[in-house]
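Below you'll find the structure, written out as structure tokens, and then a few comments.
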Amino acid sequence: RPDQSVPASSIAVAVDNPETAAHKADAEQLTASLMQQTAALAQRLGIEAVRVMHAWSPVGIHFLEHPRSMMSKAEVEAYVQEWETASSTWLERFISDTNNRLKDYGVRFDPFLIQGEARIVVVESLKKAGTDILVLGSANRQGLPGLFVGNTAETLMDQAHCSLYVVKPTGLSAILSPAFGPTQAQAS
105 RPDQSVPASS
115 IAVAVDNPET
125 AAHKADAEQL
135 TASLMQQTAA
145 LAQRLGIEAV
155 RVMHAWSPVG
165 IHFLEHPRSM
175 MSKAEVEAYV
185 QEWETASSTW
195 LERFISDTNN
205 RLKDYGVRFD
215 PFLIQGEARI
225 VVVESLKKAG
235 TDILVLGSAN
245 RQGLPGLFVG
255 NTAETLMDQA
265 HCSLYVVKPT
275 GLSAILSPAF
285 GPTQAQAS
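Rendered as structure tokens:
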């Protein structure tokens, strides 16, 4: 952020579980790139530990908690617990694999699991932790939607108090240059 006058001392990275994505292979590639770029950034800044944030929310929970739902309170609680266990298991495995794969950067990734909608709970967590930089990925969209970063990323850009580093999928050609003009390829 332009108003940040001291060097960054903390980085968080927000991740989704690629196994639940519509395009799993693309999501896995983006997540691998996201983590590698986060490790490189942390190494460059001399930051030894990065908080890996994964926000989870059980699908359909608002409907299941409704008084007219056919599920008992105990069944809803069991459903939520299943989601939490699955999310925690995935994040722990992901962190272990990432720490092993990127150990040469000298950066440690620490898990941080939070329940709720990412665009809400990530911002709250960033404020509480005093995070300086949030690294996040944004899925590739074609056409006019490709001009925009992504729904969650856009929300975080508006609400996060910290600097953002957004990673787009490998091979994505920029529609606009950093100065918001045509890219070199489009100018010729």
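The sequence shown: position 136 = 240 (our numbering), numbered continuously. Even glycine gets a Cβ: it sits at the ideal position worked out from N, Cα and C.
ask   = Terminal residues of the continuous beta strand (DSSP E) containing D214?
value = R212 to Q219
Which term fits T256, buried or exposed, when burial requires 16 or more other beta carbons within 10 angstroms of its beta carbon? buried
Quiz item: Between I237 and A112, which are expected to be in contact by the criterion C-beta below 8 angstroms, what is the C-beta distance as a whole number of angstroms?
Solution: 5 angstroms
Expected contact under 8 angstroms - CB spacing of L260 and V227 to nearest Å:
7 angstroms
### Task
Provide the residue span of the alpha helix (DSSP H) that contains Y183, from first to last.
K177 to R205
Q | Alpha-carbon spacing of V271 relative to G241, whole angstroms | A | 5 angstroms
Given a cut-off of 9 angstroms on the beta-carbon distance, is the pair P215 and V163 in contact? no
Can you tell me whether M174 is buried or exposed, with buried defined as 16 or more other CB within 10 angstroms of its CB? exposed
On a Cα-Cα basis, can you pick out the residue from D208, Q219, E258 and H158 that is closest to I165? Q219
- Top-ranked residue by Cα proximity to Y209, from N121, R223, G150 and F198: G150
Going by other Cβ atoms of all chains shown within 10 Å of its Cβ, with 16 needed for buried, is A118 buried or exposed? buried
Just mark S176 as buried or exposed, buried being the case when its beta carbon has 16 or more other beta carbons within 10 Å.
exposed
Selection from W160, E181 and D262 that minimises the alpha carbon distance to A190: W160
(Q) Does R172 come out as helix, strand or coil in the three-state DSSP assignment? (A) coil
| Contacts around T142, its chain only, beta-carbon distance under 7 angstroms, and the 5 residues preceding and following it disregarded | I115, V117, V154 and V239
CA-CA distance, K192 and P171?
-> Note on identity: in this sequence residue 192 is Ser, with Lys being the wrong assignment. Taking the straight line joining both Cα atoms gives about 29 angstroms.
| message | For K231 and I224, what's the separation of their Cα atoms in angstroms? | response | 11 angstroms
#### Entry: Sheet register partners of R155 (DSSP bridge)
A116 and D214
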